[in-house]
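Following: one structure in structure tokens, then a few remarks.
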Amino acid sequence: MELSREMHCCADRIVDEAANRAKVPREWARQVTLFNAYHRSLQRLDADEDENEDEGIPPERAALDLLLNVIGNLNETGVPEVLSLLGLSDESSLFVQSLLPLCRHERLRRSKPIVHSVTASIGGQKEDVVGLVKEARSPQFMADFAAVASALSSVSSVAVPSGCEPVCVSVSGSGKYTFSTLAPPGRSESASLYLELVAAQVQKVWHEAVTGESAGVDGHLDSRKPTVESCPSSPMQPSLNIGMIGDVAHGKSTAVKAMTGKRTQSHSKEQQQHGITIRLGFANAAILRCQGPCCGACSFLPESKDKPKSKLPPCSQCEGPTSVVTRVSFVDCPGHAELMATMLSGASTFDVVLFAAASNVPCPTPQAKQHLLAVKMSGVLDGTTDNVAIVQTKSELASSSVSALTPAERLKRHAVQGKKSLRKHLGRNAPCFPVCAPLDVGLDSLAEWIATRATQQQSRKEADDGAARLVVLRSFDVNRPGQDVDRMVGGVVGGAIVGSGSIAVGDTLEIRPGLHVGGASQRKKGKKGDDSDPFAVQPLLCKCTSLMSGKTELASAAKGGLIAVGTTICPSYTAENGLVGSVVGRPGTLPPVWGPTLQLDTIEFVQLDKLSSKDLLRKGSQVRCHVGSATVSGTVVRISAKRKRLEGSLQKP
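Written out as structure tokens, the structure is:
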């Protein structure tokens with residue numbers, strides 16, 4: 001407890017000196033009450049030392065925090081005089097002196113709102129400053145503390161942006177240094193970059209001082225995880241997006257649960273009460289392949305068991321060793337006719353389509369035809385592709401007491417009827433996989449087919465501009481009600497990346513269209529509408545603070561499965577899917593915002609024979625436009641059947 005006693009003595013001397021000088025200068029008088037409060041806290045710390053240890057707060061840590069608070073509230077002119085009376089050891093004196101330039105702005109930082117704050121861990125591990133304090137009896141402690149002082153002193157070498165205050169550093173109870181500054185309006189971006197440089201340099205100096213290695217270590221500015229080094233590599237990201245479509249109550253969600261081990265309606269009480277899928281559901285799974293010389297069977301591994309260092313289960317057929325072939329993401333789409341718009345918003349990210357058809361009903365149903373037609377129009381299916389398969393769910397119900405056919409014959413007839421009716425949509429080589437999801441029967445063959453599709457997808461080279469764009473399928477707020485402000489994180493957007501680029505932690509991102517702050521601009525009479533500035537919109541700029549695939553953290557993400565991107569934007573914007581339909585990418589790489597009028601030069605009408613004259617499009621008709629994951633309502637302004645051209649007015653970008 002030598003450190004604890006030294007810190008107590010330091011605080012006592014500061015308090016006594018402050019009380020003696022309370023009359024002159026007057027500035028000291030305002031601090032006496034605060035100092036005495038710290039003094040009483042130190043006395044309570046002495047009395048309840050064992051109790052603090054039981055609570056997980058070392059007394060040395062608490063004493064150090066109190067001393068830092070006292071120093072931070074000292075008048076700048078009185079600091080040298082007080083420090084001369086402390087009689088600290090060389091190591092502690094070096095530590096306190098290194099903190100002085102950073103603590104002088106402590107009162108200013110507390111009295112004004114912080115424009116931008118970044119939290120970075122010093123040491124690259126959880127046992128950073130807290131670990132050093134817990135090891136107070138170790139001879140290495142003072143040397144490590146001197147390294148911290150050296151690292152903090154190096155902050156002054158970073159140039160302060162114009163109009164910004166020098167960086168302030170405060171230590172939280174968890175042992176993390178919070179770097180903060182004050183910036184005038186419009187300079188928050190410069191302040192953010194300034195804090196990043198400071199954190200990166202402190203991290204590098206700390207690493208060199210403690211480990212003796214000269215390799216630079218970038219500071220990871222994530223408020224939840226300390227360093228990028230703890231993040232798994234990008235192969236943990238799924239490589240394929242699989243859309244599960246089909247009619248309502250045909251077993252889509254049950255099949256997804258059998259493959260991934262996750263119930264996609266678990267986050268919606270409304271979906272659980274009704275027993276149907278209302279919103280898009282998301283789940284991941286890994287595909288295992290047996291390494292035995294004669295087996296080679298594939299199987300699904302649930303997301304909860306797919307961890308970087310976990311032991312893989314043996315082959316279900318020969319008990320041989322297995323390895324992960326690929327990882328895939330499933331998008332569970334609602335099948336109800338009134339939820340077609342929800343299904344279309346997810347279709348823009350499909351790489352492979354699984355069409356669920358219940359074996360105990362005729363195939364296909366009218367609603368299933370609409371699903372396939374909508375997916376085909378979205379560009380996923382082209383009539384000859386092999387990235388679609390029929391999943392015959394509820395195969396255990398194929399038997400019938402009134403039919404002379406065996407269950408196998410009924411399943412075969414059901415598959416032939418479905419493929420014949422949907423030939424123009426599915427292609428000639430669409431395979432059928434009869435499965436019984438509750439009993440996990442028939443899933444191995446489906447896993448092998450998906451693994452083949454994933455291999456083809458990885459080897460396929462698409463012509464792309466190289467810019468990564470995230471299509472947002474969902475957005476949410478991960479902060480719980482009543483959570484401490486210093487533990488709150490920014491909003492999260494989830495979706496799939498299109499394009500051949502990648503997104504990494506620390507990248508600057510732009511979200512379009514962003515905030516819709518006004519209505520559509522009105523066209524002047526007799527003049528054409530100008531789409532160069534169609535809406536009063538404000539794109540959002542943010543930093544990527546984290547990348548997640550399920551519960552696995554990534555350092556970077558590219559085109560493939562579903563990911564979640566942690567940002568620095570206000571979580572109120574992302575709550576309740578507030579940014580669904582947006583596109584996220586690096587600034588300058590995103591497409592323009594279209595509206596208020598949208599002109600389509602090529603229109604394809606389908607199933608006109610089933611529509612009456614009242615249902616045909618005409619001027620004034622209400623339409624719904626799907627672009628990517630965005631769904632926008634509008635009104636037909638002009639339509640030309642000969643030119644196959646339509647012009648509509650949109651309600652939002």
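Residues in the sequence shown are numbered consecutively from 1, following full-length UniProt numbering.
A virtual CB, placed ideally from N, CA and C, is assigned to each residue, including glycine.
If you're wondering where the values come from, they're calculated on a predicted model, not measured in any experiment.
Asked, Found
"Touching by the beta-carbon criterion (3+ pairs, under 8 Å), the region 259-266 and the region 572-591", "no"
"A575 at chain E interface by Cβ criterion, 8 Å", "Looking for chain E here will not work: only one protein chain is present."
"Validate contact between the region 465-478 and the region 565-577 using beta carbons, cut 8 Å, 3 pairs", "yes"
"For P302, the nearest candidate out of C295, K309, G296 and V328 (CA to CA)", "V328"
"Touch test, the region 342-360 against the region 235-245, Cβ-Cβ under 8 Å, three pairs minimum", "yes"
"N-terminal and C-terminal residue of the alpha helix (DSSP H) that V375 is part of", "P366 to M377"
"Helix, strand or coil at S138 according to DSSP, with G and I counted as helix", "For S138, the predicted model reports a pLDDT of 37, less than 50, meaning its position is unreliable and no value from the coordinates is stated."
"Given V375 as reference, the closest of C333, V324 and S359 once Cα atoms are compared", "C333"
"Cβ neighbours of T449 in the same chain (closer than 8 Å, five flanking residues each side left out)", "Checking the displayed sequence, the identity of residue 449 turns out to be Trp instead of Thr. A389, P431 and F433."
"Buried/exposed call for E553, threshold 16 Cβ in 10 Å", "buried"
"Cβ separation of G490 and S629, assumed to be a contact under 8 Å, to the nearest whole Å", "Not confirmed; about 21 Å, so no contact."
"Where M259 falls: helix, strand or coil (DSSP)", "helix"
"In DSSP terms, what S329 is bridged to", "N241 and N284"
"Selection from E510, K559 and A558 that minimises the alpha carbon distance to L541", "E510"
"Outcome for S633 when other beta-carbon atoms lying within 10 angstroms are tallied against a minimum of 16", "exposed"
"Beta-ladder partner(s) of C290, from DSSP", "T322"
"In DSSP terms, what P434 is bridged to", "Q392"
"Nonlocal neighbours in the same chain, by C-beta distance under 6 Å from G281, ignoring five residues either side", "T264 and D332"
"Distance between C164 and residue 716 (C-alpha atoms, nearest Å)", "Nothing about residue 716 can be read from this structure; the chain reaches only from 1 to 653."
"Buried versus exposed call for R289 [16 or more other C-beta atoms within 10 Å across all chains shown]", "buried"
"Chain-order list of residues whose beta-carbon lies under 7 Å from that of R638 (same chain, five-residue window excluded)", "K619 and E647"
"Cα-Cα separation between P308 and G296, rounded to whole angstroms", "22 Å"
"First through last residue of the beta strand (DSSP E) which encompasses E647", "R645 to L650"
"L132 burial status per 10 Å Cβ neighbour count (16 or more: buried)", "Below a pLDDT of 50, predicted positions are generally treated as unreliable, and L132, at 34, falls in that range; no measurement from the model is reported."
"Terminal residues of the alpha helix (DSSP H) in which A557 lies", "Careful: A557 lies outside any alpha helix (DSSP H), inside the beta strand (DSSP E) at S556 to A558."
"According to DSSP, residues forming a beta bridge with K543", "T508"
"Which of helix, strand or coil DSSP assigns to S111", "Residue confidence is low: S111 scores 35 on pLDDT, short of 50, so the model does not pin down where it sits. Its coordinate-derived value is still stated next. The answer is helix: DSSP assigns S111 an H, G or I state."
"Q456 in three-state terms, based on DSSP", "helix"
"Bridge partner(s) assigned by DSSP for V493", "S475 and V565"
"Contact check, G560 vs S253, beta carbons under 8 Å", "no"
"Beta-carbon proximity of A255 to A356, cut-off 8 Å", "yes"
"Separation of R645 from S622, as counted between CA atoms", "The residue asked about is misnamed: residue 622 is Gln in this sequence, not Ser. When rounded, the distance between both Cα atoms is 16 Å."
"Which of helix, strand or coil DSSP assigns to residue 710", "Given a span of 1 to 653 for the chain in the structure shown, any question on residue 710 remains unanswerable."
"A358 vs K394 beta-carbon contact at 8 Å", "yes"
"Rounded C-alpha distance that separates P513 from P539", "6 Å"
"D386 versus V325 - alpha carbon distance", "20 Å"
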